[in-house]
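Take a look at the structure below.
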Amino acid sequence: MSLKLFSIGEGSYLHTYSLSSNRHLAQYNVLGSSVIHGIKASSNDLVIFGQKSLCLGRLTGSSFDVTSEVAEFTDWIWDVQWLAEPLHHLAVALGHNAVALWDCSGFKCTEVISCVENCILYSACFIGDSWNSLVLAAGVVFNEVVLWRPAGHRDGSGRSIVIGRFKGHEGVIFNIDYNAEKCLLCSVSDDRTIRLWDLRLRDGCTSGDPIRTLYGHRARVWDAKLMTDVIVSIGEDACCFVWNYEGSIIKKFTGHKGQNIWSVAVNESKQLIVTGGGDSSIRLWSLATITDAEHTTECLDMEVAARSVLREAVTEEMSGFTPRLVSLLRNELLVMTQNGYLLGYGFLTKTWRLIVNNPEYQSYCIMKESPDNRLVAIGTIKGHVFVHRLDNGARLLQVSVYSSKVLSLCWGSGEDLFSSGPEGAVIWWKVAQNENGKFDLTEICDYILCHSRHRWLTSVTILSDDVGFVCGDKRGSVFLYRNGVGSKSEDPCDSHIAIHGKTGVSFIAQHDEFLYSAGRDGTYRKYSVTEGWKLRLIHTFKVQKGFDWLEKLIFTSSDLLVMGFHSAYFVVHNATTNETLMKVIAVEVIGHGELCTPRIRLHLHSSKPRRLSSIQQEKTILDMSS
């Protein structure tokens, strides 16, 4: 059967989903009042079982047909196996360490065999598909895995004898899986471990210590699957771990919210993992292009940088080359030093270059690069605004804007620049080339921000067709302004005062006809602009506890990435899948709790793919709560 859809059990209902469209196709009540615990496939035939019931069905295309009545057993069903011999038969593992041979054609039980180890089971796994060679690995109440053959040797009372016993777990064994190619068995437990056992029989009996014990889950482990190259496990901590066979964690998926991932299925040919969580969602993860993030840190010495870019001997104090402002471009890092040097460090060339040096940039200045990375605007303590080309440092513009220092600069687009000055004065500028090839700074409109202690812009986005803009300020407020060309507008059309607290708005952007803001209160918010020029708040999102400083949102084709600071760490978090993609130390803590922020050195953190056995996250999240 080609993998075009997958099935899940929810209560007594079987649901089918399309893998190509991720659409819910249909649902079927197959077990009456019983809860589905497992689904086993043989070509297009399915057996669905749970509690003391099982039912047969068949997938035809994208539809499912029930092909039998519900069969009721006298004991709990832990596992079911389709048998190749005899045909049209099932092996059914029962709750008191017994196995029933079920005839699907006659819809009856033809034989029930018990083990001499007569006790309650907490899990079971069949090994093999022939009745004569079938082995049951049973997780017994004594925290052991017991192996026995239903068709094997029996004692005087007709019970099958134990052929193997694995000890080591310190808690209940919740699930067992087997990999025939590697001849390995794995068991997961209440003791938070995954244990691997060598199943090669020695003199007809197998026993011994686990060949590997995997530690990593913070709570009980519910299930694990043995694939060719990796092991996939899920647990009460709502984490899905991918391990290699040396016992190292390759990837940790944390997309499910709350507690518990209850179920997991894998497909070897498609390199696909499907998990079902306590948050009523199904998540698909792909192992197809295996990469693992390798985080590296690079230390840049500003003294070395200064000496490499200046032709003459450096006579200034090296403390003057302390980085004061930094900005990240596509392939370059911009650094404004305390003594007014704007330097660029190329990530590919690993070299420094001098972009511009201006005495007016000493002690105080602000810097903002254009979205297309072609220009940089610099505001000074004297109220001047400079615009330079970034490729050669050429000064394109110098305009005296305010009587005192420029408080902030924000680009709205490649041509639109916003400046903030004293008393909340905001000017919208156009930076464009004239007919002579020279650049002009044309004033579009003046605005006055609402009164506050910190009265300057921190982020701006321009609405479609330049009809207006939305901005955030240092106070944490978000404003909607109309484009009143050539006029001065004292008041915004709408405002949300201190919506991001008192620590400021860090990000404003428009995406898919909606507006988004993020702040240092740990939230990001979604808005729409109504016809009456009101900024309607749609929803407030909190990323995670302790993630209180959101700096930027990045919208990809399918995901929303949130960047910011969590405690002493810089974090990149996928808000769509609820997964942390990158986490690196941003501030070092030294003795007595003091914070160490390097004055002469810069620390660069990068994440690049490293070939392993490749893990990437699929975009698929199916919400079952509806």
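Just so you know, our numbering puts 1597 at position 266 of the sequence shown, and the rest follows in order with no gaps. Think of the CB as a built atom: it goes at the ideal place given N, C-alpha and C, for glycine as much as any other residue. A quick note: this is a predicted structure, and the numbers were derived from the prediction, not measured.
Check this for me: beta carbons of residue i and residue j, under 8 Å apart or not?
i            : j            : result
residue 1544 : residue 1526 : yes
residue 1720 : residue 1705 : yes
residue 1907 : residue 1888 : no
residue 1610 : residue 1589 : yes
residue 1805 : residue 1742 : no
residue 1839 : residue 1874 : no
residue 1424 : residue 1444 : no
residue 1710 : residue 1750 : yes
residue 1557 : residue 1517 : yes
residue 1798 : residue 1848 : no
residue 1891 : residue 1903 : no
residue 1552 : residue 1505 : yes
residue 1476 : residue 1507 : yes
residue 1295 : residue 1567 : The question about residue 1295 has no answer here: the residues shown for the chain are numbered 1332 through 1957.
residue 1900 : residue 1916 : yes
residue 1788 : residue 1860 : no
residue 1403 : residue 1383 : yes
residue 1864 : residue 1825 : yes
residue 1447 : residue 1379 : no
residue 1340 : residue 1381 : yes
Could you give the residue range of the alpha helix (DSSP H) that holds residue i?
i            : result
residue 1503 : Neither: residue 1503 is in no alpha helix (DSSP H) and is coded neither H nor E.
residue 1637 : 1633-1640
Could you tell me the boundaries of the beta strand (DSSP E) in which residue i lies?
i            : result
residue 1726 : 1726-1731
residue 1518 : 1515-1520
residue 1876 : No beta strand (DSSP E) holds residue 1876; DSSP gives it neither H nor E.
residue 1562 : 1561-1566
residue 1841 : 1836-1842
residue 1359 : 1355-1360
residue 1413 : 1408-1414
residue 1494 : 1493-1497
residue 1675 : 1672-1677
residue 1584 : 1580-1584
residue 1575 : 1571-1575
When you compare each of the options to residue i by their alpha carbons, which one comes out closest?
i            : options                   : result
residue 1386 : 1394, 1359, 1517 and 1836 : 1359
residue 1453 : 1800, 1503 and 1493       : 1503
residue 1573 : 1547, 1707 and 1803       : 1547
residue 1760 : 1766, 1437 and 1728       : 1728
residue 1667 : 1678, 1652, 1681 and 1677 : 1652
residue 1656 : 1662, 1694 and 1592       : 1694
residue 1514 : 1497, 1636, 1501 and 1528 : 1528
residue 1663 : 1654, 1678, 1687 and 1670 : 1678
residue 1910 : 1405, 1571 and 1390       : 1571
residue 1451 : 1481, 1489, 1419 and 1409 : 1409
residue 1351 : 1639, 1601, 1712 and 1670 : 1601
residue 1841 : 1480, 1855 and 1830       : 1855
residue 1830 : 1843, 1872 and 1814       : 1872
residue 1866 : 1883, 1844, 1876 and 1850 : 1844
residue 1469 : 1595, 1519, 1489 and 1463 : 1519
residue 1463 : 1411, 1490 and 1417       : 1417
residue 1272 : 1342, 1354 and 1435       : Limits of the chain in this structure are 1332 at one end and 1957 at the other, which puts residue 1272 out of reach.
residue 1419 : 1373, 1397 and 1752       : 1373
residue 1784 : 1807, 1442 and 1343       : 1807
residue 1703 : 1870, 1722, 1497 and 1739 : 1722
For residue i, is the beta carbon positioned less than 7 Å from some heavy atom of the ligand PLP?
i            : result
residue 1791 : Within the structure as shown, the ligand PLP is missing, as the structure has no ligands at all.
Alpha carbon to alpha carbon, how far is residue j from residue i? Give it in angstroms, no decimals.
i            : j            : result
residue 1456 : residue 1467 : 6 Å
residue 1949 : residue 1586 : Low local confidence applies: a pLDDT of 39 at residue 1949 is under 50, so the model's placement there is unreliable, with the coordinate-based value given in what follows. When rounded, the distance between both Cα atoms is 11 Å.
residue 1510 : residue 1432 : 23 Å
residue 1773 : residue 1716 : 13 Å
residue 1928 : residue 1689 : Caution is warranted here: a pLDDT of 41 is assigned to residue 1928, below 50, making its placement in the model unreliable, and no coordinate value can be reported.
residue 1733 : residue 1674 : 26 Å
residue 1852 : residue 1881 : 7 Å
residue 1746 : residue 1763 : 6 Å
residue 1708 : residue 1724 : 11 Å
residue 1512 : residue 1598 : 15 Å
residue 1731 : residue 1737 : 10 Å
residue 1370 : residue 1485 : 31 Å
residue 1363 : residue 1905 : 39 Å
residue 1617 : residue 1878 : 27 Å
residue 1782 : residue 1754 : 8 Å
residue 1460 : residue 1681 : 60 Å
residue 1349 : residue 1393 : 8 Å
residue 1631 : residue 1522 : 46 Å
residue 1489 : residue 1482 : 11 Å
With a threshold of 8 Å between beta-carbons, can residue i be considered close to chain B, or not?
i            : result
residue 1522 : Checking the listed chains, one finds no chain B in this structure; it contains a single protein chain.
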